Amino acid sequence: MDELIFLPAPAAVLHRRTWRGSARKYLAIARTNLLNRLAYVWDAASNVLLMFLFIFIFAQLWGATFEAQGATEIAGLTLTQTIWYFVWAEMIQMGKIRHVRTVSQEVKDGSLAYTLGRPYNYLLYHFASGIGDVLIQAGVLLVAGSLVAWSQVGPLYSFRLETLPVVLLVTALAFVLDFCVLSIIALLAFFMEDVNSLLFIYHKIVFVLGGLLIPVDFLPDWLQAIARVLPFNLVVYAPAKLFVAWDGGQAVFSLGLQVVWIGILAGLLTVLYRYGTRRLTINGG
Amino acid sequence: MASIVLKDLRKAFQVKRKAAGLGGSLASLGRPRYETVEAVRGISLEMESGELLAFIGPNGAGKSTTIKMLTGILHPTSGEAQVLGFVPWKQRRELAYHIGSVFGQKPQLWYHLPPIDTFDLFAHIYELDRKTYERRRDFLVEAFDIRDLLEVPVRKLSLGQRMRCEIAASLLHHPRIVFLDEPTIGLDVVAKQQLRDTIKQLHAEEQTTIFLTSHDAGDIESLCERVVVINHGQVIFDDAVKVLKRRYLRRKVIEVRFAEPTNGHLDLAGVSVIKLGRYGAKLELDTSSRPIETVIQDLMAGHSIVDINVMDPPMEEIIRAIYQRDSAFEPVAEGA
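Chains F and V supply the protein sequences, listed in that same order. Reading the first sequence from the start, the letters are residues 54 to 338 in our numbering. Reading the second sequence from the start, the letters are residues 78 to 413 in our numbering.
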């Protein structure tokens with residue numbers, strides 16, 4: 054064969070990207086995935102059952118703890134606030150985007166050849182796929198958790214409606230932050246044999262340092278100091294705590310820290326994506 | 078104009094090796110042993126736009142790896158490639174608007190949704206305007222005869238029905254090149270033929286460049302003009318299908334089952350008997366010396382037949398024949 058002549062990409066075939074086209078694209082992805090998920094409606098139902106169970110058990114456990122201590126507050130939180138804290142925390146934990154398994158499955162069965170070969174940003178594609186699911190799941194879980202909490206410890210009097218937009222914003226960023234960490238794990242599946250162990254470790258860290266086991270305020274001081282600067286508390290603790298005990302200063306601090314960590318992780322993701330697609334090994338043929 | 082140009086394209090993978098058993102697993106934990114497997118070993122190829130090319134070879138020959146590099150999914154270890162003027166792995170998203178791909182063994186349609194939902198999604202992903210999309214969709218629905226399947230959840234479709242929808246889906250954005258990786262795999266004879274006819278018809282009408290891989294010599298014979306055979310990641314044959322057929326696809330194997338026991342011998346001119354049992358036989362025939370129809374006629378005249386099966390030689394045999402004929406290609410030792 055003769056010397057390869059590299060033609061410039063013909064101008065006429067270059068695709069013009071528009072914001073509107075992109076937005077529609079990701080909306081359509083979210084919509085289609087949500088439709089597909091309707092087939093798994095029993096999955097969601099099982100989450101609701103878990104939520105009922107968790108909040109009920111937490112109410113019993115913490116009720117006994119507060120009683121044994123003879124205290125109305127532990128580390129600044131009343132029993133009512135503690136239980137409602139867990140409603141918000143579990144809603145985030147159970148509602149999160151679960152794309153790690155999807156991505157590693159795509160690598161294993163080779164369907165990445167399709168999903169990676171389409172004109173969109175691969176990670177945004179997974180975000181869009183997951184987000185519709187998140188909105189529905191979180192909504193249903195919140196209602197379920199609230200019902201149990203209300204019946205066990207009564208309404209959350211400390212909640213102030215005007216803080217809701219900011220609480221929701223912090224919660225939304227919590228989902229984004231969580232998505233970034235999970236995406237790092239997911240992209241590692243491009244060249245690691247198995248990433249389930251990493252996923253397990255991350256979940257355990259969030260469990261302890263993120264405030265899912267107990268609110269970060271209940272941790273010993275030295276551990277609190279560490280937990281408060283790491284990104285994990287921003288995923289569960291920060292939004293849940295703001296929900297039950299509003300603190301304007303804390304809200305600004307959390308938002309700032311969330312933005313910084315999302316920035317850092319997004320940068321890391323870009324580098325990892327470039328590296329990962331280079332090292333990618335697709336199974337099968 | 079050239080649509081696809083490959084020059085000395087190579088791809089090597091690092092594969093972890095471990096000895097059998099628990100001991101091997103533990104040793105592999107401490108010091109993993111990696112081995113380099115060269116899946117593609119310097120492929121050069123040029124394809125004109127509008128060509129219909131068959132890219133064939135046995136399992137693990139490097140067919141899919143090549144397709145994945147041409148669609149930008151995999152980065153090559155070395156070498157160059159250009160698809161429609163783009164370097165695929167560098168301009169994957171740009172290129173994606175102009176190519177379509179179908180991997181026969183992997184579904185791309187949403188499993189629980191009817192095909193029409195996936196079609197709509199693709200219209201958005203490829204940013205087609207509504208009118209263009211609908212016109213194109215209606216055309217493909219006719220061409221692939223899938224009107225009645227559009228609103229049936231994909232999980233309820235048969236493989237043949239699903240495959241027609243899969244290919245229609247990959248053509249919605251009017252790609253200039255289509256990569257079909259084993260599109261007829263697992264299909265029955267009728268479904269295969271139906272799919273081939275549709276692909277052929279579309280190619281004739283739209284002059285789409287089609288890059289097809291297959292295990293099935295029938296696909297190649299009935300679809301393509303040009304065939305490239307690869308083995309161990311290298312091109313070992315690149316010529317017209319006619320040439321391949323004349324040289325290597327002359328041999329047919331006939332398997333026949335009789336209703337009554339044979340008298341122990343079977344004598345047909347120009348046919349060699351590989352195996353002969355009481356109720357069945359396996360025959361081999363060189364079609365250049367005698368057309369297959371006459372052999373079948375003779376068989377049917379002399380015996381009452383329950384079942385008859387005509388097969389092409391398997392890919393491995395064609396490849397062996399290519400090596401034997403052309404000593405310029407040194408066969409590579411297994412596992413090298």
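We put the CB at the ideal spot given by N, CA and C, even for glycine. Please read all numbers here as calculations on a predicted model, not as lab measurements.
#### Entry: Assigned secondary structure, MET388/V (DSSP; H/G/I helix, E/B strand, else coil)
strand
### Query
Name the residues in the region 165 to 178 of chain V whose C-beta lies less than 9 angstroms from a C-beta of chain F; which are they?
TRP166, GLN168, ARG169, ARG170, GLU171, LEU172, ALA173, TYR174, HIS175, ILE176 and SER178
### Task
Please list the partners that ASN89/F has in chain V, where partner means a Cβ-to-Cβ separation under 9 angstroms.
The contacting residues are TRP187, TYR188, HIS189, LEU190 and ASP194.
### Task
Select from the region 192 to 218 of chain V all residues with a C-beta closer than 9 angstroms to any C-beta belonging to chain F, and list them in chain order.
Residues ASP194, THR195, ASP197, LEU198, PHE199, ALA200, HIS201, ILE202, TYR203 and GLU204.
### Query
Between which two residues does the alpha helix (DSSP H) containing THR290/V stretch?
First-last for THR290/V: 286 to 291, but that is the beta strand (DSSP E), not the alpha helix (DSSP H).
### Task
Can you grab the Cα-Cα spacing for the pair LYS269/V / LYS277/V, in whole Å?
In this structure, the CA atom of LYS269/V is about 12 angstroms from the CA atom of LYS277/V.
### Task
Look at the Cβ atom of CYS179/V, then the Cβ atom of LEU257/V, and state whether they are nearer than 8 angstroms.
The residue asked about is misnamed: residue 179/V is Val in this sequence, not Cys. Their beta carbons are under 8 angstroms apart, which means VAL179/V touches LEU257/V by this criterion.
### Task
Output yes if chain V places a C-beta closer than 8 angstroms to the C-beta of ILE110/F; else output no.
no
### PHE228/F at chain V interface by Cβ criterion, 8 angstroms
no
### Message
Assuming LEU209/F is part of the beta strand (DSSP E), what are its boundary residues?
### Response
Per DSSP, LEU209/F belongs to no beta strand (DSSP E) and is neither H nor E.
### Query
Excluding the five sequence neighbours on either side, which residues of its own chain have a C-beta within less than 7 angstroms of the C-beta of ARG327/V, listed in chain order?
ASP363, THR364 and SER365
### Task
Could you run through the region 140 to 173 of chain F and flag, in chain order, every residue whose CB is less than 9 angstroms away from some CB of chain V?
Those residues of the region 140 to 173 of chain F that come within reach of chain V (Cβ to Cβ, closer than 9 angstroms) are ASP162, GLY163, SER164, LEU165, ALA166, TYR167, THR168, LEU169, GLY170, ARG171, PRO172 and TYR173.
### Cα-Cα separation, GLY237/V to PHE212/F
58 angstroms
### Query
Can you tell me whether DSSP reads ARG110/V as helix, strand or coil?
strand
### Query
When DSSP labels each residue in this structure, what does PRO63/F get in the three-state scheme?
Low local confidence applies: a pLDDT of 45 at PRO63/F is under 50, so the model's placement there is unreliable, with the coordinate-based value given in what follows. Note: PRO63/F maps to coil in three-state DSSP.
### Query
On the premise that VAL297/F lies in contact with ALA242/F, defined as a C-beta separation below 8 angstroms, what is that separation, rounded to the nearest angstrom?
Contact check for ALA242/F and VAL297/F: beta-carbon distance about 36 angstroms, past the 8 angstroms limit, so the pair fails to qualify.
### Message
In the DSSP output, what is PHE253/F paired with across the bridge?
### Response
Bridge partners of PHE253/F: none, in fact.
### Query
Using a C-beta cutoff of 8 angstroms, does ILE254/V count as contacting chain F?
no
#### Entry: Start-end ranges of the beta strand (DSSP E) lying completely within the region 133 to 177 of chain F, minimum 3 residues
Listed in chain order, the beta strand (DSSP E) elements of length 3 or more contained wholly in the region 133 to 177 of chain F amount to none.
### Task
Report the partner residues of SER102/V according to the DSSP bridge assignment.
Note: SER102/V sits in no beta bridge, so no partner.
### Query
With burial defined as no fewer than 16 other Cβ atoms inside 10 Å of the residue's Cβ, what is the status of ASN286/F: buried or exposed?
buried
### Query
Can you find a CB in chain F that lies within less than 8 angstroms of the CB of LEU130/V?
By this cut-off, LEU130/V is not an interface position.
### Query
Among VAL117/V, SER102/V and THR339/V, which has the Cα closest to the Cα of ARG110/V?
SER102/V
#### Entry: Start-to-end residues for the beta strand (DSSP E) that takes in LEU325/F
Premise fails: LEU325/F lies in the alpha helix (DSSP H), 301 to 332, not in any beta strand (DSSP E).
### Query
Can you name, in chain order, every residue of its own chain whose Cβ lies under 6 angstroms from the Cβ of ALA83/F, other than the five neighbours on each side?
ALA181, ILE184 and GLY185.
#### Entry: With 16 other Cβ atoms within 10 Å as the buried cut-off, status of ILE254/F
Answer is exposed; the Cβ neighbour count stays below 16.
### Query
Taking DSSP as the reference, what is the three-state secondary structure of MET78/V?
coil
### Cβ shell of VAL330/V (< 6 angstroms), same chain only, five flanking positions each side left out
GLU361 and MET388
### Task
Under 6 angstroms Cβ to Cβ from ALA293/F, same chain only, skipping five residues before and after it: list those, please.
TYR138, TRP141 and ALA142
### Task
Could you tell me which chain F residues have their CB closer than 8 angstroms to the CB of THR148/V, listed as they occur along the chain?
ALA166 and GLY170
### Query
Around the C-beta of PRO391/V, are 16 or more other C-beta atoms found within 10 angstroms, so that it is buried, or is it exposed?
With fewer than 16 other Cβ atoms within 10 Å, it is exposed.
### Query
Going by beta carbon distance, what residues of the same chain come within less than 6 angstroms of HIS179/F, once the five residues before and after it are set aside?
Hits under 6 angstroms: HIS152.
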